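Trainee: Residue numbers (numbering that gives the first Met the number 0): 0 to 177.
Glycine included, C-beta positions come from ideal geometry on N, C-alpha and C.
None of these values were measured; they are calculated from a predicted model.
Before I ask anything, let me first share the structure, which is written out below as structure tokens.
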Amino acid sequence: MNILTTERLRLEPISDKHFEGLHILNRDPAVMRYITGKPDTPEDTQLMIDRVKARWIEYGFSWWCFIELETNEIIGAGCIQHLGRDPKNPLETGWRLRQDKWGQGYASEAARCMATFAFDTLEAPLLCAVCHTDNHDSARVMQRLGMHYKGVERWYDMDTSVYEMTRAQWFEHLAKIK
């Protein structure tokens, strides 16, 4: 199982045991504002878990819960998945966090960990990320990750800002920040 760790987080592949913490995260309208535009119902959260478990089996990657090491609480979730959920597309990374954890560097920390997994373990040639065009905080995380703005494209039934980086650009970025 692909459990990843950072200085402050444990990233666990999403499973049924994460339902309560995930539902608390996904039912918050502010968290879901730029993702689906509406809070999840319990049924939505369970469908997500079922879909994610199947992808872990099929691809060996999908969504993780972000568990804060200090509190052992689920504070977010993030992924490596095929853009648009289509295996013909490149890999993308994405994340969401509980409101009380915004602005504390957790998204960047988790994003670096997931990008490392994509480039080192999966040997992805390219990694992209998309966010609603008004989600400037998420776009800043993409920029801090070393991604470059590509433009506005339609993904997940909305106009999104698209960022990407190649494997070579990732390693160049790592060399600069060390």
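Taking the alpha carbon of M47 as the reference point, which residue from I176, C130, Y33 and C64 has its own alpha carbon closest?
Mentor: When only C-alpha atoms are compared, the closest one is C64.
Trainee: For the region 50-77, which segments carrying the beta strand (DSSP E) assignment without a break, of at least 3 residues, lie completely within its bounds, in sequence order?
Mentor: Runs found: 62-67.
Trainee: Would you mind stating whether L82 and E91 have Cβ atoms separated by less than 7 Å?
Mentor: Contact flag set, yes.
Trainee: Using the C-alpha atoms, what's the distance from F118 back to P124?
Mentor: Going by the C-alpha atoms only, they are around 7 Å apart.
Trainee: Can you tell me whether DSSP reads K100 as helix, strand or coil?
Mentor: DSSP places K100 in helix when its eight states are reduced to three.
Trainee: Distance, Cα to Cα, M113 vs P12?
Mentor: Cα-Cα distance, rounded: 12 Å.
Trainee: DSSP puts M164 in a beta bridge; with which residues?
Mentor: Looking at the DSSP assignment, M164 forms a beta bridge with L126.
Trainee: For the candidate residues A109, I73 and G102, whose alpha-carbon lies nearest to that of I79?
Mentor: The shortest Cα separation from I79 among A109, I73 and G102 belongs to A109.
Trainee: Just to confirm the assignment, what range does the beta strand (DSSP E) spanning H22 have?
Mentor: Not the beta strand (DSSP E): H22 falls in the alpha helix (DSSP H), residues F18 to N25.
Trainee: Tell me the DSSP secondary structure of T92 in three-state form.
Mentor: The answer is strand: DSSP assigns T92 an E or B state.
Trainee: Given P89, which residues of its chain have a CB within under 6 Å of its CB, disregarding the five upstream and five downstream residues?
Mentor: Closer than 6 Å at the Cβ level, and outside the excluded window around P89, lie L82, L125 and C127.
Trainee: Looking at V140: is its Cβ nearer than 7 Å to the Cβ of S107?
Mentor: Contact flag set, yes.
Trainee: Taking R84 as the reference, which of R97, H135, A174 and W62 has the closest Cα?
Mentor: Out of R97, H135, A174 and W62, W62 has the C-alpha closest to the C-alpha of R84.
Trainee: Pick out whichever of Y105, W169 and A29 has its Cα sitting closest to the Cα of G145.
Mentor: Here the closest residue by C-alpha is W169.
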